[in-house]
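To start, the structure itself, in C-alpha cells.
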Ligand code: TGC
Ligand code: FAD
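In my numbering, the protein residues as written are 7 to 401.
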C-alpha cells in the first residue's frame, strides 16, 4: 500500500497559518477529543446537553468571546477564532453554536453596540462562562426578513416595555441574558429596530424549549416570550439603530460558521476514509474500488477548497476588510458543500452510516440547521446576486 495523505497535507494548509494559530487549533482539537467526542453522540441521542458545565470548560479554553478585546476576552485574531470554530464543529455543530451565540452574537452585540455599563456588567461574566447569553432576532413569521418583526418596545416614562415572541433561539431557556431586537416605531419600518439587554429573570420573560428537533439535538433551542417585560432606559443598546445593528452581529457568527461547517465536513471525510480502508466488500477493501476513490477525491477537493476560502476570508477579516457579500460566499459554499459531503460519506458507511456510532449522519442532520440559520442558502445566493448585479431581488 502507498503512503497516505490527509487533505490538510495534500493542500499544505498549515503553511497558511502562523505557529500561534496552529497551537490554538491543536489545543481546541485536543479539548474536543477529551471532552466532547466521547459524549456527543449520547447528548445528541438524548437531546440533553450540559450547557452550564460546558460553558465553564469552554471559558477555560478561552473561546468565549475569543476574538473580542478587553473585558476578560482573549482578543485573538479572527482567523484563530475561525480555527477554534472549525475544531468545535468537527466534533458537533451544536458545540460551535453554543460558542457562536455566546461570543459572536450576544457578547459581540454588547461589545460593539453597548454602553460602558452594559459591557462591564455582562462581558467578563460571559467570557468566564458564568453568564450564558442568547440572541433573539427571528420570529415565527419573520426569519429571512427580520425587518418585519412584530416584537414591540414602547416607552413608558423612563422605562421600556417589551411585548412579542422570538422563535428558534439557541440557548434561550438556559440563558441568563437575552439580547432582544424589537421595533420601537412601526411607522419607521425596520429603522425603528433597537436592541435590548434583557436579564432573563425579568418578570414577563419566559423561554419554553423547542422539542422534537431532528437536527442540532446537542443544542438548546427555544422560543422567547415577552409579556409586558419592563426594562430601565439603560437596557437599550445605545449605539445600534435599525437593522444594521443585528445584521452586523450576524456577520460575526456567519464568519465562524464558514470555518465550522468545513470542520464537520472534514470529520465526515476522515471517518469515511478510515471506514473504507477496513471494510471488506466483494473480498477487498472498499477504499480500493475506483467508485469509492472518485467519491473520496471529489470530497477532498471540496474540503480543501473550503479551507482555502475560509482562510482567505480570515485574512481579510484580520485586515478589517471583509465585506458582508464575501461572508455570504463562504457561508453559502461551505455549508452547501459540507452537507453534501456528510451525506456522501454516509453512503460509504452503508447501513452503519445510519447509526450514531459514526458521525456523518449526525453531522448531516446538524448541517440542515446550519444551512438554514444565519441566513439560508437562498438568502446568501441573493446577497451574492446583489453584489454581482447591483439589483436587489429579495422583494
Ligand atoms: P437591507 O436594506 O439590505 O439592509 C438594512 C440595513 O442593514 C445594513 N446591512 C448590513 N449591515 C451589516 N452587515 C450586514 N450583513 C448587512 N446587511 C445589510 C444595510 O446597509 C442597511 O443599513 P442602513 O443603515 O442603510 O439602514 O435589509 P433587508 O431588509 O433588505 O434585508 C436584507 C437581508 C435579507 C439580507 C437580511 O435581512 C438578512 O440577512 N436576512 C437573514 C436573517 C438571518 O440571517 N437571521 C439569522 C438570525 S440569528 C441566527 O440564526 C443564529 S443561529 C446561531 C447558532 O446557533 O449558531
Ligand atoms: P423562512 O424565512 O420562512 O424561509 C423559508 C424558505 O424560503 C427558505 O428556503 C428561504 O431561503 C426561502 N426564502 C426566504 N426569502 C426568500 C426570497 N426572498 N427569495 C427566495 N426564497 C426565499 N434565530 C435567532 O434569531 N437566534 C438564534 O439563536 C437562532 N438559532 C437557531 C437555531 C436553530 C437550530 C435554527 C433551525 C434556527 C435558528 N434561528 C435563530 C433562526 C434562523 O435564523 C431562521 O430559521 C432563518 O433565518 C430562516 O428563517 P425561517 O426559518 O423563518 O425561514
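Cβ atoms here follow ideal geometry from the backbone N, Cα and C, with glycine treated the same way.
(message) What would DSSP say about residue 288, mapped onto helix, strand or coil?
(response) Note: residue 288 maps to coil in three-state DSSP.
(request) Can you tell me the Cβ-Cβ gap for residue 226 and residue 176, rounded? I've got them flagged as a contact below 8 angstroms. (result) About 7 angstroms separates the two Cβ atoms, so the contact holds.
(request) Say whether the region 304–316 touches the region 7–23, bearing in mind that this needs 3 or more beta-carbon pairs closer than 8 angstroms, one atom from each stretch. (result) Verdict: yes, contact present.
(message) On the DSSP letters alone, give me the boundaries of the alpha helix (DSSP H) that residue 147 sits inside.
(response) Secondary structure note for residue 147: it is in no alpha helix (DSSP H), with a DSSP letter that is neither H nor E.
(request) For the beta strand (DSSP E) holding residue 244, just list the boundary residues, first then last. (result) No beta strand (DSSP E) contains residue 244, which DSSP labels as neither H nor E.
(message) Considering only their Cβ atoms, is the gap separating residue 246 from residue 166 smaller than 7 angstroms?
(response) Here residue 166 is not near residue 246, since their CB atoms are 7 angstroms or more apart.
(message) Please classify residue 217 as buried or exposed, where buried requires at least 16 other C-beta atoms within 10 Å of its C-beta.
(response) With fewer than 16 other beta carbons inside 10 angstroms of its own, residue 217 counts as exposed.
(message) Do residue 348 and residue 314 have their beta-carbon atoms positioned less than 7 angstroms apart in this structure?
(response) At the C-beta level, residue 314 and residue 348 stay beyond 7 angstroms of one another.
(request) With a threshold of 16 other CB atoms inside 10 Å of the CB of residue 260, please say whether the residue is buried or exposed. (result) So residue 260 ends up on the buried side.
(request) Express the C-alpha separation of residue 183 and residue 206 in angstroms, rounding to a whole number. (result) In this structure, the straight-line span from the alpha carbon of residue 206 to that of residue 183 is close to 5 angstroms.
(request) Run the proximity test for residue 89: is its beta-carbon closer than 6 angstroms to any non-hydrogen atom belonging to ligand 2? (result) Not under cutoff, so the answer is no.
(request) For the region 383–394 and the region 324–342, state whether three or more C-beta atom pairs, one from each stretch, are separated by less than 8 angstroms. (result) When Cβ pairs closer than 8 angstroms are counted between the two stretches, the region 383–394 is seen to touch the region 324–342, the count reaching three or more.
(request) Give the secondary structure of residue 212 by DSSP, where H, G and I count as helix, E and B as strand, and everything else as coil. (result) In this structure, residue 212 counts as strand in the three-state DSSP scheme.
(message) I want to check one thing, is the minimum distance from the CB of residue 157 to the heavy atoms of ligand 2 below 6 angstroms?
(response) Shortest gap from the CB of residue 157 to any heavy atom of ligand 2: 6 angstroms or more.
(request) Would you tell me roughly how many angstroms separate the C-alpha atoms of residue 61 and residue 135, rounded to the nearest one? (result) Each residue's Cα considered, the two are about 5 angstroms apart.
(request) Determine, using beta carbons only, whether residue 43 and residue 93 come nearer to each other than 7 angstroms. (result) No, the Cβ-Cβ distance between residue 43 and residue 93 is not below 7 angstroms.
(request) Reducing DSSP to helix, strand and coil, say where residue 205 ends up. (result) In the structure shown, residue 205 falls within a strand segment according to DSSP collapsed to helix, strand and coil.
(message) I'd like the span of the alpha helix (DSSP H) that includes residue 340, first residue to last.
(response) That run of the alpha helix (DSSP H) goes 330–354.
(request) Tell me, to the nearest whole angstrom, how far the beta carbon of residue 67 is from that of residue 114; I am working on the premise that it is less than 8 angstroms. (result) So it is not a contact: roughly 18 angstroms between Cβ atoms.
(message) Using CA atoms only, rank isn't needed, just tell me which of 73, 220, 57 is closest to residue 178.
(response) Looking at the Cα atoms, 57 is the closest of the given residues.
(message) According to DSSP, is residue 173 part of a helix, a strand, or is it coil?
(response) Correct three-state label for residue 173: strand.
(message) So for residue 233, helix, strand or coil by DSSP?
(response) Strand.
(request) Take residue 301 and list the residues in its own chain whose beta-carbon comes closer than 7 angstroms to its own, dropping the five residues that flank it on each side. (result) So the list reads 350, 354, once near-sequence residues are dropped.
(message) Under 8 angstroms: do the region 255–272 and the region 125–133 share three or more Cβ pairs, one atom per stretch?
(response) Because the criterion of three Cβ pairs below 8 angstroms is not met, the region 255–272 and the region 125–133 do not touch.
(request) Express the C-alpha separation of residue 375 and residue 367 in angstroms, rounding to a whole number. (result) Our two residues, residue 367 and residue 375, have alpha carbons roughly 13 angstroms apart in a direct line.
(request) Select from 196, 180, 200 the residue whose C-alpha is nearest the C-alpha of residue 187. (result) For residue 187, the nearest C-alpha among the options comes from 200.
(request) Can you give me the Cβ contacts of residue 400 inside the same chain, cut-off strictly under 6 angstroms, excluding the 5 residues immediately before and after it? (result) The residues are 388.
(request) Could you say which of 172, 168, 241, 224 lies nearest to residue 203 if we only look at CA atoms? (result) That would be 241, whose Cα lies nearest to the Cα of residue 203.
(request) May I ask you to report which of helix, strand or coil DSSP gives residue 168? (result) DSSP places residue 168 in strand when its eight states are reduced to three.
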